[in-house]
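Per the numbering used here, the sequence shown starts with residue 1049, numbered consecutively.
Report on one structure; see the data block that follows.
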Amino acid sequence: MSKSSVTPARTKRVGAQLTPEAIIEASLRIAARGSADAFTVRRLGEELGADPTAIYRHFRDKDELLLSVADRTLGEVLDSIPDGLDWKDRLRALAAGSLAVALKYPAVSSIMASRTTRRTNEFRVVELILGAVTEAGLDGAEAAVHYRMVGDSLLAHVGQRAAYLLLDPESRAGDESSWNREYRLVDAHGFPNITRLAQQLAEVTDDQIFHARVEALITAIEQRAAAVREA
């Protein structure tokens, strides 16, 4: 029997055995390899050994798949947060877990920085942040605003870091060398602050920026809660 005569039957059998769980896991495997095409049906079909159209038996379209996969990554973030932390450390742990997962699945996090999954794990993240700001002493509109401040700030930072990983190596190398090249060559009279701090600017790390950002969010919540109590 020829190879061409058995391949369609095999593909059909594998495709029939697909489940939403298997498709999500395949998307995560592709994303974890740093690929930007984790949500193309062609790439998923290759990963699963199935007819790509079989994916649409379980997901309405690529966007529904993306949202489901993204919500799964939020579950990974939540699983990384220990029990028994106070509100500050819960936010720190959420931030650290969010960054770790974003760097693990850059193709997912780079897209989801401007999206909402509208699914269970996202609701759990929102509940965690609201609980933290409430414990800090905020309620009502203040709690809602500061929840958004935390959530949107974390999404922006981890999404930016994730998107950067998807750039080609040449583009990343050019960006990374700019602090030691173009920024050191600016006109000192026109850009005195850049010139004065050129070395320090070149030495700043992404982790330092992230730490400072998270601590600034916590400080802002503390200060606002203190102001509310004194009002």
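Don't be surprised by glycine CBs; every beta carbon is placed ideally from N, CA and C.
Legend entry - C-alpha distance - E1251 paired with I1257, whole-angstrom precision: Cα atoms of E1251 and I1257: separation of roughly 11 angstroms, rounded to the nearest angstrom.
Inset, instruction - With DSSP as the reference, label V1117 as helix, strand or coil. - result: helix
Legend entry - Exposure label - S1162; buried when at least 16 CB within 10 Å: exposed
Inset, instruction - State the Cα-Cα distance for the pair G1188 and V1262, rounded to the nearest angstrom. - result: 23 angstroms
Inset, instruction - Output the distance between the C-alpha atoms of Q1065 and V1125, rounded to the nearest integer angstrom. - result: 29 angstroms
Legend entry - Alpha carbon of A1236 to alpha carbon of N1228, nearest angstrom: Each residue's alpha carbon lies about 15 angstroms from the other.
Legend entry - Closest residue to E1183 among D1137, A1150 and E1170 (Cα-Cα distance): D1137
Inset, instruction - Classify F1239 as buried or exposed, calling it buried when 16 or more other Cβ atoms lie within 10 Å of its own Cβ. - result: exposed
Inset, instruction - Give the range of the alpha helix (DSSP H) segment to which Y1231 is assigned. - result: Here Y1231 belongs to no alpha helix (DSSP H), and DSSP marks it neither H nor E.
Legend entry - Collapsed DSSP secondary structure at I1129 in the structure displayed: coil
Legend entry - C-alpha distance - T1067 paired with K1152, whole-angstrom precision: Spanning the two alpha carbons is a distance of roughly 23 angstroms.
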